[in-house]
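Data first, discussion second: the structure below is written as structure tokens.
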Amino acid sequence: MEAGQIATGEGGQIWAIPHAFENIQLFYRKDTLEKYNIAVPTSPPEMAKACEQLKAADPSITPLGVRGVRFWSSIHTAAVSIARSYGVHDFVVTDGKLDTGLDSPESIAFHKDYVDMIKKCAAPSFANDNWYEFVDGISSGRTAMAIDSNMFGFWNDVAGKPASGKIAFAPPLHAPSATSFDSNIWIWALAMNAASEKKGTAWLFIPWATSKQVALKGALAGQLVNPPRTSTWQDDTWTKYASQPEFNNFVDSFKKTQDHAALAFTPRVGFGEAMNAWAVAMQKMVNGDDVETTLRALAEEIRTGL
Numbered sequence: 036m037e038a039g040q041i042a043t044g045e046g047g048q049i050w051a052i053p054h055a056f057e058n059i060q061l062f063y064r065k066d067t068l069e070k071y072n073i074a075v076p077t078s079p080p081e082m083a084k085a086c087e088q089l090k091a092a093d094p095s096i097t098p099l100g101v102r103g104v105r106f107w108s109s110i111h112t113a114a115v116s117i118a119r120s121y122g123v124h125d126f127v128v129t130d131g132k133l134d135t136g137l138d139s140p141e142s143i144a145f146h147k148d149y150v151d152m153i154k155k156c157a158a159p160s161f162a163n164d165n166w167y168e169f170v171d172g173i174s175s176g177r178t179a180m181a182i183d184s185n186m187f188g189f190w191n192d193v194a195g196k197p198a199s200g201k202i203a204f205a206p207p208l209h210a211p212s213a214t215s216f217d218s219n220i221w222i223w224a225l226a227m228n229a230a231s232e233k234k235g236t237a238w239l240f241i242p243w244a245t246s247k248q249v250a251l252k253g254a255l256a257g258q259l260v261n262p263p264r265t266s267t268w269q270d271d272t273w274t275k276y277a278s279q280p281e282f283n284n285f286v287d288s289f290k291k292t293q294d295h296a297a298l299a300f301t302p303r304v305g306f307g308e309a310m311n312a313w314a315v316a317m318q319k320m321v322n323g324d325d326v327e328t329t330l331r332a333l334a335e336e337i338r339t340g341l
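Basically the working numbering = 1-based index in the sequence shown + 35.
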């Protein structure tokens, strides 16, 4: 933004205006982890160990909620964020040619840790779980931790919600050998259809809906989170609201994570098909298929589409 206006940069084009966005975090039931004296995990192996402790302490609790459905959204949240800290890239350029990096040594190492974590931590319904299952679990206390879009934790901390004040935040997990973490970023935006017969009206709506005033008002209502405007995060009324006791460490964890947030996937034609195939491969590995063999087959499938 420049002087309140969208700046395209050299040769750029504006296709949509951000309305809200997500970064990926670990959010958890503070009361549950404190009750069983479990430290907040920072890596997949640490998470696997914590899950085993939780299951031993209370078998009725699902230790970790993550998306597992056969759809690209299961990859672009927890999996791709953690994978980047292992050095994994969905696509790479080798000798001037586009290729996939999903059968690399780094990818094999990541998937072995991630699959082991899922087996020890996730619900038996993992393959059918989307965000609403683990959000319900976190809200009710049936699920102890989740790795996904941070606003799910925020919304359930709002005063009057059953879990208000009980959900805290941490950056996403990272490779055991990594010195830092990575987070994918997902942006919700408003765009105008080229076939619209009321482009003038649509354009009047879009700048209003993404304006500084609406962004701040929506954030203070506990609904438009995360607000995409710097002006909102610089406004004391928002930071004071989001720093209330019921939100625990939301603001601090957001800022820490956002410093490491970026697109963790390659936006290109065929993105959806490749990520869907990755999600299917993930299910196969969790169900017992060999990691290296499955990743080689996945990579070959993606290469045929390049």
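Backbone N, C-alpha and C define an ideal beta-carbon position, used for all residues, glycine too. This one's a predicted model, so the numbers in the text were calculated from it and none came from an experiment.
(request) Pull up the CB-CB distance for H146 and L259, whole angstroms please, since I reckon it's below 8 Å. (result) Between L259 and H146 the Cβ distance is about 36 Å, and since that is not below 8 Å, they are no contact.
(message) Would L61 and L208 be called neighbours here (beta carbons separated by less than 8 Å)?
(response) yes
(request) Please report the Cβ distance between M317 and A114, rounded to the nearest whole angstrom; I am assuming they are in contact, meaning their Cβ atoms lie under 8 Å. (result) 7 Å
(request) Could you spell out the range, first to last residue, of the alpha helix (DSSP H) harbouring V315? (result) 306-321
(request) Whole angstroms is fine: what's the gap from L22's alpha carbon to A309's? (result) With the chain running from 36 to 341 in the structure shown, residue 22 is simply not present.
(request) Give the secondary structure of H209 by DSSP, where H, G and I count as helix, E and B as strand, and everything else as coil. (result) coil
(message) To the nearest angstrom, how far is the alpha carbon of G257 from that of G340?
(response) 43 Å
(request) Apply the 10 Å Cβ neighbour rule to V128 and answer buried if 16 or more other Cβ atoms are within range, or exposed otherwise. (result) exposed
(request) Can you tell me which of L333, A314, T328, N322 puts its alpha carbon nearest to the alpha carbon of F106? (result) A314
(request) Could you name the residues of the same chain whose beta carbon sits closer than 7 Å to that of E336, not counting the 5 residues immediately before and after it, in chain order? (result) A312
(request) Measure the C-alpha to C-alpha separation of N185 and L89 and round it to an integer number of angstroms. (result) Distance between the alpha carbons of N185 and L89: 22 Å.
(request) Out of D192, A244, M180, state which residue places its alpha-carbon closest to the alpha-carbon of Y276. (result) Minimum Cα distance to Y276 is reached at D192.
(message) Can you look up M180 in the DSSP assignment and give me helix, strand or coil?
(response) strand
(request) Note the first and the last residue of the continuous beta strand (DSSP E) segment covering H54. (result) 52-64
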